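In the working numbering, the protein residues as written are 22 to 289.
Report on the structure given below.
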């Protein structure tokens, strides 16, 4: 056991919350795959500790907000780009499939802040809502009014932001660059994709599991082919080096091949 590892172990399961139907290749692979359009799956994690805690990484989009999201992507990407969610990929179905209710959840960690990660936060009336301090500060102090990568209604849907500020404010945990949330459950800042992008680092019986959106695909890390839609290649390179060094199992949160490597999404 490394000095960072805890005797408390977590189980980790990936679940698909939907997919983009058409994403341009250079968004996934920096300066390459120019003529390709790919489907991109989006995942969340369900984690349970052996001392009875439950943590989620991301919540999927709210069904009521999908029309707005899809109209936005059709406008800025191309007409047939949409985020599709099957019935079994809705958060209520995912919780039920894991024999959970919203009140069973102790921590909800969001990375990055986008409508497809934070959309169902208001379901969780008991959990601590864990958000990057850097990302939170940037949202409120963003000096770029026309920021091309952080269109504010797509960062926090208005109803979600209102809920955070007025109803969940006393349960928000602002995560430092290196943060221990619970025994065996840590986060660290990565940046790269967004200012709010972090990695979630869990101790499991099968070694350390690290999950992040700083890399969308396995090859971003394994072959050092940078994520195309990155805000800092230097942050990406540093993050990927840390993933390779510290993770026994790395989970890219936008790669459906996670289910090929880990049947049923069971990482550990």
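Ideal placement from N, C-alpha and C gives every residue a C-beta, glycine not left out.
The structure displayed is predicted, hence computed values, not measured ones.
**Request:** Please determine, among 226, 200, 143, 214, the residue with the shortest C-alpha to C-alpha distance to residue 241.
**Result:** The closest CA to that of residue 241, considering only 226, 200, 143, 214, is found on 214.
**Prompt:** According to the Cβ coordinates, are residue 130 and residue 76 closer than 8 angstroms?
**Reply:** It is a contact, given that the beta carbons lie within the stated cut-off.
**Request:** Could you spell out where the alpha helix (DSSP H) holding residue 247 opens and where it closes?
**Result:** No alpha helix (DSSP H) holds residue 247; DSSP gives it neither H nor E.
**Prompt:** Taking the DSSP output, what are the residues bridged to residue 28?
**Reply:** Residue pairing by DSSP leaves residue 28 without any beta bridge partner.
**Residue interval of the beta strand (DSSP E) (run including residue 112)** = That residue, residue 112, is in no beta strand (DSSP E); its alpha helix (DSSP H) goes 112-118.
**Beta-ladder partner(s) of residue 228, from DSSP** = Partner(s): 225.
**DSSP-derived helix/strand/coil call for residue 175** = Looking at residue 175 - three-state DSSP - the assignment turns out to be helix.
**Request:** Could you pull out every residue in the same chain whose Cβ sits closer than 8 angstroms to the Cβ of residue 44, ignoring the five residues on either side in sequence?
**Result:** Cβ contact annotation for residue 44 (same chain, cutoff 8 angstroms, sequence separation greater than five): 58, 59, 60, 61, 98, 102, in chain order.
**Prompt:** Would the beta-carbon of residue 234 fall within 8 angstroms of that of residue 218?
**Reply:** Cβ distance < 8 angstroms, so residue 234 and residue 218 count as in contact.
**Item:** Test item: CB-CB of residue 67 and residue 38 under 8 angstroms
**Value:** Not in contact: residue 67 and residue 38 (Cβ atoms no closer than 8 angstroms).
**Request:** Starting from residue 51, trace the alpha helix (DSSP H) both ways and give me its first and last residue.
**Result:** In this chain, residue 51 is not harboured by any alpha helix (DSSP H), its DSSP state being neither H nor E.
**Item:** Assumed close pair residue 80, residue 138 - CB separation to whole angstroms, cut-off 8 angstroms
**Value:** With a Cβ gap of about 7 angstroms, residue 80 and residue 138 count as contacting.
**Asked** Candidates 208, 180, 150, 226: which alpha carbon is nearest residue 126's?
**Response** Among 208, 180, 150, 226, the Cα nearest to that of residue 126 belongs to 150.
**Request:** Report the rounded CA-to-CA distance for residue 236 versus residue 115, giving the unit in angstroms.
**Result:** If I take the Cα positions, the gap works out to 24 angstroms.
**Request:** Please state whether DSSP places residue 162 in a helix, a strand or coil.
**Result:** Of the three classes helix, strand and coil, the one that applies to residue 162 here is helix, per DSSP.
**Prompt:** Which two residues bound the contiguous alpha helix (DSSP H) that contains residue 58?
**Reply:** In the DSSP assignment, residue 58 falls outside any alpha helix (DSSP H) and lies within the beta strand (DSSP E) extending over 58-70.
**Prompt:** Beta carbon of residue 55, beta carbon of residue 206: below 8 angstroms?
**Reply:** Contact flag unset, no.
**Item:** Span separating the alpha-carbon of residue 69 from that of residue 195
**Value:** One C-alpha to the other measures close to 21 angstroms.
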